[in-house]
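Before any comments, here is the structure.
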Amino acid sequence: MSKKNIDDLMEEFQKISPEEEDIEKIYTLADEYRDKSEEEIFFEIIKVNENMENSMSEEEYEKIFEKLETIRPFLNEEQIEKLDKLLHVLKK
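For this note's numbering, add 309 to where a residue sits in the sequence shown, where the first one is 1.
Written as structure tokens, this is what we have:
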């Protein structure tokens with residue numbers, strides 16, 4: 310990976326910079342979903358998406374998808390395929 314790519318990734322990562330509270334939520338969710346299958350998690354995400362779509366403004370909702378796109382550079386090929394599949398289903 311070139312220095313430019315690393316610098317670009319670091320810049321993207323700094324935009325995300327989660328708070329300590331966000332990190333705790335991530336660990337809690339990871340524990341909660343650890344024993345679930347990919348299919349179970351996929352359907353859970355669809356339910357959460359429906360709730361978000363109904364409770365958020367269109368602008369807020371779109372910002373969620375923009376944030377999801379910022380993690381793309383940190384994913385491997387298999388993870389990118391899963392993200393693409395998920396985004397395709399959620400955006401209908």
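Yeah, the Cβ is synthetic: ideal placement off N, Cα and C, and Gly gets one too.
Please read all numbers here as calculations on a predicted model, not as lab measurements.
Roughly how many whole angstroms lie between the Cα atoms of residue i and residue j?
i	j	result
Leu399	Ile315	30 Å
Glu375	Glu321	12 Å
Leu395	Lys334	21 Å
Tyr370	Glu328	21 Å
Ile355	His397	11 Å
Leu338	Phe383	20 Å
Asn363	Glu353	16 Å
Return no unless some Cβ of chain B is closer than 8 Å to the Cβ of residue i.
i	result
Lys334	Included in the structure is just one protein chain, with no chain B present.
Between residue i and residue j, how many whole angstroms is the CB-CB distance? I'm expecting something under 8 Å.
i	j	result
Ile373	Met361	7 Å
Item to complete: Examine the Cβ distances between the region 382-401 and the region 344-356 and report whether three or more of them are shorter than 8 Å.
Response: yes
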